[in-house]
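Top to bottom, those sequences are chains H and V.
Okay, so the first sequence: first residue is 627 according to the numbering used here, each after it adds one.
Okay, so the second sequence: first residue is 627 according to the numbering used here, each after it adds one.
Beta carbons: idealized from backbone N, C-alpha and C, even for Gly.
Since the structure is predicted, the reported quantities are computational estimates derived from the model, not experimental observations.
These notes concern the structure reproduced below.
There are 2 protein chains.
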Amino acid sequence: MCGTGGAEVTAACRSNYNVVREKGITVQSGKLGYHPNWHPTRVVKSADEVDVAFDYLAPASEIVRPYLESHVQRSSGKLPLVVMIQNGVDIEEEMYRTLVATDKPLACGIASGLTWVGTTLLDNGTRIEHGNFERFEVGFYPLPRFVKPDAEAERLLDEFIEIITCGGSTVVKSDDIEALRWSKILWNTSWGGVCLLSRQPVAEILRPEVMPYTCGVARSLMCEVMAVARANGIDESRLPMSRVDDVYNMTQSQSTALFVNPADPSCASRVPTTLLPDDFKPSILVDLERGRPTELEPIFCNIAARARRTGVPTPHLDTIIAAVKPYQAKLIASLGHKATNEYHVNPRANAVGGAPVI
Amino acid sequence: MCGTGGAEVTAACRSNYNVVREKGITVQSGKLGYHPNWHPTRVVKSADEVDVAFDYLAPASEIVRPYLESHVQRSSGKLPLVVMIQNGVDIEEEMYRTLVATDKPLACGIASGLTWVGTTLLDNGTRIEHGNFERFEVGFYPLPRFVKPDAEAERLLDEFIEIITCGGSTVVKSDDIEALRWSKILWNTSWGGVCLLSRQPVAEILRPEVMPYTCGVARSLMCEVMAVARANGIDESRLPMSRVDDVYNMTQSQSTALFVNPADPSCASRVPTTLLPDDFKPSILVDLERGRPTELEPIFCNIAARARRTGVPTPHLDTIIAAVKPYQAKLIASLGHKATNEYHVNPRANAVGGAPVI
Chain H
627 MCGTGGAEVT
637 AACRSNYNVV
647 REKGITVQSG
657 KLGYHPNWHP
667 TRVVKSADEV
677 DVAFDYLAPA
687 SEIVRPYLES
697 HVQRSSGKLP
707 LVVMIQNGVD
717 IEEEMYRTLV
727 ATDKPLACGI
737 ASGLTWVGTT
747 LLDNGTRIEH
757 GNFERFEVGF
767 YPLPRFVKPD
777 AEAERLLDEF
787 IEIITCGGST
797 VVKSDDIEAL
807 RWSKILWNTS
817 WGGVCLLSRQ
827 PVAEILRPEV
837 MPYTCGVARS
847 LMCEVMAVAR
857 ANGIDESRLP
867 MSRVDDVYNM
877 TQSQSTALFV
887 NPADPSCASR
897 VPTTLLPDDF
907 KPSILVDLER
917 GRPTELEPIF
927 CNIAARARRT
937 GVPTPHLDTI
947 IAAVKPYQAK
957 LIASLGHKAT
967 NEYHVNPRAN
977 AVGGAPVI
Chain V
627 MCGTGGAEVT
637 AACRSNYNVV
647 REKGITVQSG
657 KLGYHPNWHP
667 TRVVKSADEV
677 DVAFDYLAPA
687 SEIVRPYLES
697 HVQRSSGKLP
707 LVVMIQNGVD
717 IEEEMYRTLV
727 ATDKPLACGI
737 ASGLTWVGTT
747 LLDNGTRIEH
757 GNFERFEVGF
767 YPLPRFVKPD
777 AEAERLLDEF
787 IEIITCGGST
797 VVKSDDIEAL
807 RWSKILWNTS
817 WGGVCLLSRQ
827 PVAEILRPEV
837 MPYTCGVARS
847 LMCEVMAVAR
857 ANGIDESRLP
867 MSRVDDVYNM
877 TQSQSTALFV
887 NPADPSCASR
897 VPTTLLPDDF
907 KPSILVDLER
917 GRPTELEPIF
927 CNIAARARRT
937 GVPTPHLDTI
947 IAAVKPYQAK
957 LIASLGHKAT
967 NEYHVNPRAN
977 AVGGAPVI
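Okay, structure coming up:
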């Protein structure tokens, strides 16, 4: 069965491989509608535990290499486009260097993508709950002004965009995906960071009585990330400072707190904007709660690494890293791998059919 | 049965009331020895859930008031000494004002105490595991140089010190317990704070591969607390800056990391100092994991409140508060109480027989 955009979809599943093959996935989306038992065209398996460790420790290119090699064989040498859909910064370089800018290329380009979507995977991975908000941002790595994209890569990306637009997605094609990555990471590190720290869904950190403690920290995290961005050449023309307010308000507007006037409770009739499901948790927290490696490195550590190189202090960010590193190290050790002290780049890149993450 | 110091001990128990009455408590201590099935002289009950909420929401004086009233009745008006054994700062004022410096006093004084002891309560509250390290610090509130203690209070405190010294405790009587509170909170906020954030025992945050992420944050937390202390009149003569290194090294020395020389692993023969059991977790983390209200307010929020009043930035501390406040608020709400935005003072004071906490 095809997706609503007309594409054949191959899903690489881990723990939900069997149920997805049998029953498909039920999509309940405010924006995209209700799709009971939707079946991908193909479901392929990736061995669970091994892959988890692999994701974390191996370069991302190693994960997609076998898929690309078999594709190139089937298509008699025609190179595909790799679309990375993942949070974080500094995630594409290794992929580009080893798969595109090499003597034996396996892809004609790297499209770097971000999805803004609050989804929750339920019922053993067979049901997706989604609200009304969704946006897909994508552009080439390296930025087109530095390296002109290959013509075939341009064609493939436009085709990909057309398919998912037909499927109902709102797509923004950008010449500066790097700036958009920093823009999105503003959410992941701040509201996402406080959810991660407190192990709570967004709704809980927006309770009126905890907002004096959570909201200031969320905003401080955004300011730290902006300072690192500026020190690394992402200037006002690429990422305006007003994004801090945008990202802040986007989530804070979902609290009931602002709308209740204690002096006159009858004024409390305005309802908050509801973009996310009530129990929505950022993917990094879901990973942590399920005992999987998290996207700590691309989201938090890569920014901290840039901060150290450019002398920007990031105390709030550092505290989040201190909060999650021991978990991550313990987990990797339990998987039988020797952990290192290095900042990992790109531990969980999702290429050719990666799961949407927020 | 008396304690080894010769005192009659009344234990107020919650969830472990029945088992402690029946089987007593088994103490396994490196410092204090093995005491199988030790029975307190009396075990009194305090209703579980109610008390938990009460502790958190009510002034501490309300918790001890009934005990004190019945004591005063029995002893024909002779006033007892209240010994508070609890972490944190700014915890005594309410107790002193309502029980001592009042028209109808119920106590002749407030002794403010701190215990440095890494204990773990196991087997449904019937077994205490303890290492080699223990120290009890105590002094009068207000400080004697501000208010001369009552003669009877002096006598009672000396008697109390004699009893627990006979029992094997190492006691330090101090004229400046306030400075010692700040000194101890250096540990609670820093190493304790990182354990709390990461939900890990001390040993896990000292793994060599995570130390680059945890130790800097621990030290930064100490520096923030010192800055708040200085801004609040705790000067070098009362709390030397070298305490930061002392508190830092006390725990960091328990890591194996320092003793392994990668260039020559044969040098790795030195063993780290072992003061705490391997799986030791700070009490605030144990409370959190067991779904009980935590000492967030006396340990963290009271410092943050002082920091705000004196204009000292505390980003690491604020991040910890953001991490735990949502849990605390959710819990209080689930107990059917209306939470407030105020900084609580003294939420879990342990008076007349409180549990040792680190």
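Residue environment, residue i, which counts as buried when at least 16 other CB atoms sit within 10 Å
i	result
residue 930 (chain V)	buried
residue 666 (chain V)	buried
residue 662 (chain V)	exposed
residue 936 (chain V)	exposed
residue 701 (chain V)	exposed
residue 851 (chain H)	buried
residue 577 (chain H)	Nothing about residue 577 (chain H) can be reported from this structure: the residues present for chain H run from 627 to 984 only.
residue 699 (chain H)	exposed
residue 792 (chain V)	exposed
residue 777 (chain V)	exposed
residue 775 (chain H)	buried
residue 692 (chain H)	exposed
residue 695 (chain H)	exposed
residue 836 (chain H)	buried
residue 932 (chain V)	buried
Cβ-Cβ separation, residue j to residue i (assumed contact under 8 Å), whole Å
i	j	result
residue 840 (chain H)	residue 956 (chain V)	That pair is no contact at about 12 Å.
residue 754 (chain H)	residue 651 (chain H)	6 Å
residue 906 (chain V)	residue 828 (chain V)	5 Å
residue 762 (chain H)	residue 795 (chain H)	5 Å
residue 733 (chain V)	residue 707 (chain V)	6 Å
residue 710 (chain V)	residue 719 (chain V)	Contact flag wrong, Cβ pair sits at about 11 Å.
Short CB-CB distance (under 8 Å) between residue i and chain V
i	result
residue 953 (chain H)	yes
residue 826 (chain H)	yes
residue 698 (chain H)	no
residue 877 (chain H)	no
residue 945 (chain H)	yes
residue 842 (chain H)	yes
residue 908 (chain H)	no
residue 941 (chain H)	yes
residue 830 (chain H)	yes
residue 601 (chain H)	Given that chain H is displayed from residue 627 to residue 984, the structure contains no residue 601 (chain H) and the question cannot be resolved.
residue 640 (chain H)	no
residue 823 (chain H)	yes
residue 949 (chain H)	yes
residue 670 (chain H)	no
residue 846 (chain H)	yes
residue 938 (chain H)	no
Simplified DSSP state of residue i, which is helix, strand or coil
i	result
residue 940 (chain V)	coil
residue 658 (chain H)	coil
residue 761 (chain H)	strand
residue 799 (chain V)	strand
residue 671 (chain H)	strand
residue 697 (chain V)	helix
residue 728 (chain H)	coil
residue 754 (chain V)	strand
residue 961 (chain H)	coil
residue 686 (chain H)	helix
residue 805 (chain V)	helix
residue 920 (chain H)	coil
residue 867 (chain V)	coil
residue 651 (chain H)	strand
residue 633 (chain V)	coil
residue 858 (chain H)	coil
residue 969 (chain H)	The pLDDT assigned to residue 969 (chain H) is 30, lower than 50, so where the model puts this residue is not dependable; a value taken from the coordinates is nonetheless given after this. Of the three classes helix, strand and coil, the one that applies to residue 969 (chain H) here is coil, per DSSP.
residue 819 (chain H)	helix
CB contact check: residue i to chain H, cutoff 8 Å
i	result
residue 839 (chain V)	yes
residue 636 (chain V)	no
residue 835 (chain V)	yes
residue 957 (chain V)	no
Residues bridged to residue i [DSSP beta-bridge criterion]
i	result
residue 766 (chain V)	V:737
residue 745 (chain H)	H:756
residue 710 (chain V)	V:738
residue 639 (chain H)	H:671
residue 664 (chain H)	H:651
Residue i: CB within 7 Å of a non-hydrogen atom of the ligand HEM
i	result
residue 755 (chain V)	With respect to the ligand HEM, the structure offers nothing, as it holds no ligand at all.
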